[in-house]
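Notes for the one structure printed next.
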Amino acid sequence: MAANKTIQKTLIPKENFSEWYDNVLLEAKIVDDRYPVKGFTVYTGWGFSIVKRIISMLEEKLDSSGHEPMQFPVIIPEDAFQKEEDHIKGFSGEVFWITHAGENELERRLVLRPTSETAIYPMFKMWIRSHADLPLLMNQTCNVYRYETKATRPLYRGREFLWNEGHTAHATYNEAEEQIRTAIRIYSEVYDSLSLNYIKLRRPDFDKFAGADYSVAFDAWNPDGKSNQIGTVHQLGNNFAKAFEMTYENEDGKQELCTNTCYGMGFGRTLACLISQHGDDHGLILPPIVAPKQVVIIPIPVKGKEQISKEYAKLIYHNLTSNNIRTVLDEDDRLRPGEKFYKWEMNGVPIRIEIGPREAESKTVTFVRRDTFKKSKADLVNLVDTVHELFKSINQTLNERSKKIMNERMATAYTLDELKEFMDQRKLVRINWCGNKGCAEALKDKVSGEIRGTLWLDLEEPTDNCILCENSAKYIAYVSRTY
Ligand SMILES: [Zn+2]
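For what it's worth, this note's numbering labels the leading residue of the sequence shown as 8, then goes sequentially.
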């Protein structure tokens with residue numbers, strides 16, 4: 008059993024998260040980080056097939072809620088980029104500049120978009136004339152560029168990242184508030200259909216998006232205890248409208264400032280979240296909705312009876328594909344069944360069907376589900392229904408498992424020593440906080456984590472004084488390490 012030995016050797020326990028993660032990225036062909044520019048990553052076949060499905064899911068939801076798809080240029084002229092003061096302060100340290108064309112220095116320097124507000128709003132200004140042009144809702148799926156100075160990590164933190172950004176303009180602040188709720192609902196629906204678990208936090212004022220009134224973020228749990236911010240939604244108020252003179256004529260013929268919102272879903276981080284929350288020692292476990300292949304059929308050869316198994320496997324394959332179930336029939340004779348199991352388990356295919364002469368003769372199907380490795384049988388006539396039931400059950404298991412881990416990681420600290428201890432245990436920690444930036448900064452110095460924010464919508468009453476200054480607390484804040 009030499010083959011089995013090599014199989015065991017390459018399995019890395021998820022407990023060694025960092026090593027496990029890098030191995031899964033390569034083995035399951037998610038991304039290849041060996042591209043010769045630091046912070047830039049190649050999405051490879053399996054990984055990008057998953058991402059494309061997440062993109063479609065989001066784009067469909069944005070589309071059906073009135074967002075128009077657009078594609079803006081990747082470059083932003085310096086003067087537009089520098090119009091909104093807080094925005095430029097927030098981003099200037101990490102933008103890539105284009106300064107030359109051939110041998111010639113450009114008269115007007117260009118920025119590679121780190122985000123697109125300053126590309127989009129000058130155009131919004133031209134498109135918006137009257138209240139009849141509002142609301143204006145757009146979105147684009149594109150790459151953005153940020154010269155990250157923190158250590159890069161494939162999918163979690165890169166210098167080029169793939170996302171979808173939504174940008175909206177409204178007549179009133181209240182309408183923009185309504186849009187914030189819509190965006191949060193849409194993002195939640197996408198994450199929920201991937202069985203991901205996260206908390207929605209209103210970021211502290213000092214950590215909001217540069218140029219926003221306030222920011223809401225989706226913080227997902229990660230096995231190494233760091234928070235993975237997979238999406239953000241921002242209320243921009245009139246800040247950009249003022250800077251870009253984005254006004255409309257109201258019903259009384261008066262000029263009024265627009266209110267803007269914007270939001271972004273990072274597909275790299277969402278994919279990283281999917282891998283990290285659901286994966287196990289054997290590799291990926293994919294929610295069926297985004298699995299490039301949802302079922303793998305593996306014929307088990309029995310001497311003298313190969314043909315009957317093969318034909319039956321083909322019949323099953325046609326049955327599944329004609330019912331729009333993404334299926335692969337692994338007929339590669341160079342690999343033994345055990346090696347095939349290993350490969351498709353690593354790839355996270357939700358269901359494996361094993362076909363031997365016994366199944367062929369009795370017209371039955373043997374299923375092995377990737378999440379629990381539980382075996383079950385069904386009659387051929389119930390094939391498609393059974394697969395759909397298993398999909399549903401796999402989603403439920405993934406969600407419950409992930410939720411359980413997230414809940415286990417929550418803790419409340421009343422002293423700094425407790426907080427330190429919980430941070431070492433990779434927990435997501437609730438603390439009482441007075442709301443002052445000084446205390447937040449002191450906390451960051453004293454423990455290896457930071458204040459991520461307060462729960463969005465669910466107001467939590469403080470239960471003690473501020474954990475740092477011991478003045479009366481205003482908030483229950485969440486502290487964790489972060490990417
Ligand atoms: Zn304080």
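Here a beta-carbon is modelled for each residue, glycine too, at the ideal position from N, C-alpha and C.
Computed from a prediction, not measured in an experiment: that's the story for all the values here.
Comparing the CB of C265 with every heavy atom of ligand 1, is any distance shorter than 7 Å?
Position 258 of the sequence shown, counted from the first residue, corresponds to residue 265. Not so, every heavy atom of ligand 1 lies at least 7 Å from the Cβ.
Between N11 and N389, what straight-line distance do the alpha-carbon atoms span, to the nearest angstrom?
Walking along the sequence shown from the start, residue 11 turns up at place 4. Walking along the sequence shown from the start, residue 389 turns up at place 382. At N11 the pLDDT is 45, less than 50, meaning the model places this residue with poor confidence; the figure from the coordinates comes in the next sentence. The alpha-carbon atoms of N11 and N389 are separated by roughly 34 Å.
Contained alpha helix (DSSP H) runs [length at least 4] in the stretch 144-224, N- to C-terminal order
180-200
For N402, count neighbouring C-beta atoms within 10 Å of its own C-beta (all shown protein chains included) and say buried if the count is 16 or more, exposed if not.
Your numbering for residue 402 matches position 395 in the sequence shown. Buried: at least 16 other Cβ atoms inside 10 Å.
Using the C-alpha atoms, what's the distance from D226 back to M417?
Position 410 of the sequence shown, counted from the first residue, corresponds to residue 417. Position 219 of the sequence shown, counted from the first residue, corresponds to residue 226. Distance between the alpha carbons of M417 and D226: 13 Å.
Under 7 Å from any heavy atom of ligand 1, does the C-beta of L475 make it?
Within the sequence shown, the letter at position 468 stands for residue 475. Yes, the Cβ of L475 comes within 7 Å of a heavy atom of ligand 1.
Along the chain, where does the alpha helix (DSSP H) that runs through C446 open and close?
Numbered from 1 along the sequence shown, position 439 holds the residue referred to as residue 446. First-last of the alpha helix (DSSP H) with C446: 444-453.
Buried or exposed: where does R160 fall if 16 or more other Cβ atoms within 10 Å of its Cβ makes it buried?
Translated into positions along the sequence shown, residue 160 becomes position 153. Looking at its Cβ environment, which holds 16 or more other Cβ atoms inside 10 Å, R160 is buried.
Anticipated Cβ contact below 8 Å, Y170 with G244, distance rounded:
Counting from 1 along the sequence shown, the entry for residue 170 is found at position 163. Counting from 1 along the sequence shown, the entry for residue 244 is found at position 237. The question names Tyr, but residue 170 is Trp in the sequence shown. About 22 Å separates the two Cβ atoms, so there is no contact after all.
Among D471, K90, H94, E425, which residue has its Cα nearest to the Cα of K453?
Sequence index remark: in the sequence shown, residue 453 carries index 446 (1-based). For K453, the nearest C-alpha among the options comes from E425.
Following a CB-centred definition, is C280 positioned closer than 7 Å to any heavy atom of ligand 3?
Among the ligands present in this structure, namely ligand 1, ligand 3 is not found.
Whole alpha helix (DSSP H) elements within the stretch 38-114, 4-residue minimum
52-71, 85-88, 92-98
Looking only at its own chain, which residues have a Cβ that is under 7 Å from the Cβ of V81, when we skip the five neighbours before and after it?
Within the sequence shown, the letter at position 74 stands for residue 81. For V81, where only same-chain residues beyond five positions count, the Cβ hits under 7 Å are L119, R120.
Quick check on Y421: does DSSP put it in helix, strand or coil?
One-based indexing of the sequence shown puts residue 421 at position 414. Coil.
Distance between P142 and T254 (C-alpha atoms, nearest Å)
Along the sequence shown, one-based indexing puts residue 254 at 247. Along the sequence shown, one-based indexing puts residue 142 at 135. Going by the C-alpha atoms only, they are around 12 Å apart.
Just grab the DSSP bridge partners of G460 for me.
Position 453 of the sequence shown, counted from the start, is the residue given in the question as residue 460. Looking at the DSSP assignment, G460 forms a beta bridge with Y485.
Taking the straight line between their C-alpha atoms, what separation do you get for T419 and L203?
As a first step, residue 419 is located in the sequence shown; it is residue number 412 there, counting from the start. As a first step, residue 203 is located in the sequence shown; it is residue number 196 there, counting from the start. Cα to Cα, the separation comes out at about 23 Å.
Measuring from the CB of W134, is there a heavy atom of ligand 1 at a distance below 7 Å?
As a first step, residue 134 must be located in the sequence shown, where it is residue number 127. No, since every heavy atom of ligand 1 falls outside the 7 Å radius drawn around the Cβ of W134.
Is there at least one non-hydrogen atom of ligand 1 closer than 7 Å to the beta-carbon of C446?
What you label residue 446 is simply residue 439 of the sequence shown in a count that begins at 1. Checking every heavy atom of ligand 1 against the Cβ of C446, one is found closer than 7 Å.
How would you label R377, buried or exposed, when you count the other beta carbons within 10 angstroms and need 16 or more for buried?
Residue mapping note: residue 377 aligns to position 370 of the sequence shown, counting from 1. Result: buried.
Environment of L113 [buried if 16+ CB atoms lie within 10 Å]
Here residue 113 is taken as the residue at index 106 of the sequence shown, counted from 1. By the neighbour-count rule (16 or more Cβ atoms within 10 Å), L113 is not buried but exposed.
For the alpha helix (DSSP H) containing R408, name the first residue and the last one.
Position 401 of the sequence shown holds residue 408. Here the alpha helix (DSSP H) through R408 covers 390-416.
According to DSSP, simplified to helix, strand and coil, what is E263?
As a position in the sequence shown, residue 263 is number 256, starting the count at 1. Of the three classes helix, strand and coil, the one that applies to E263 here is strand, per DSSP.
Could you tell me which residues DSSP pairs with D287 in its beta bridges?
In the sequence shown, residue 287 corresponds to position 280, counting from 1. Note: D287 sits in a beta bridge opposite G290.
Going straight from the alpha carbon of S316 to that of E34, what length do you get?
Here residue 316 refers to the residue found at position 309 of the sequence shown. Here residue 34 refers to the residue found at position 27 of the sequence shown. One C-alpha to the other measures close to 29 Å.
As an exercise, report each continuous alpha helix (DSSP H) stretch of at least 4 residues that is fully enclosed by the stretch 307-371, in chain order.
313-328, 344-353, 364-369
I'd like to know whether the C-beta atoms of Q186 and T175 end up nearer to each other than 8 Å.
Stepping through the sequence shown from its first residue, residue 186 is reached at position 179. Stepping through the sequence shown from its first residue, residue 175 is reached at position 168. Yes, the Cβ-Cβ distance between Q186 and T175 is below 8 Å.
Excluding five sequence neighbours on each side, which residues of the same chain lie with their C-beta closer than 6 Å to the C-beta of Q144?
As a working mapping, residue 144 is identified with position 137 in the sequence shown. In the sequence as presented, Gln is not what sits at residue 144; that position holds Leu. These residues qualify, in order along the chain: G73, H74, T175.
What are the partner residues of D386, as DSSP defines its beta bridges?
Against the sequence shown, residue 386 aligns to sequence position 379. Partner(s): T371.
With L243 as the anchor, note down where its beta strand (DSSP E) starts and where it stops.
Within the sequence shown, the letter at position 236 stands for residue 243. That run of the beta strand (DSSP E) goes 233-244.
Note down, in chain order, each residue of its chain lying with its Cβ closer than 6 Å to the Cβ of N257, except the 5 sequence neighbours on either side.
By 1-based counting over the sequence shown, the position of residue 257 is 250. Cβ within range, chain order: H138, E263.
With a threshold of 16 other CB atoms inside 10 Å of the CB of I412, please say whether the residue is buried or exposed.
Position 405 of the sequence shown, counted from the start, is the residue given in the question as residue 412. Exposed: under 16 other Cβ atoms inside 10 Å.
What does a CB cutoff of less than 6 Å around N443 pick up in its chain, not counting 5 residues either side in sequence?
Walking along the sequence shown from the start, residue 443 turns up at place 436. No residues qualify anywhere along the chain.
Does the distance between the C-beta of N443 and the nearest non-hydrogen atom of ligand 1 fall short of 7 Å?
In the sequence shown, counting from the first residue as 1, residue 443 sits at position 436. Checking the Cβ of N443 against ligand 1 gives yes.
First and last residue of the alpha helix (DSSP H) that includes W134?
Sequence index remark: in the sequence shown, residue 134 carries index 127 (1-based). 124-134 is the extent of the alpha helix (DSSP H) around W134.
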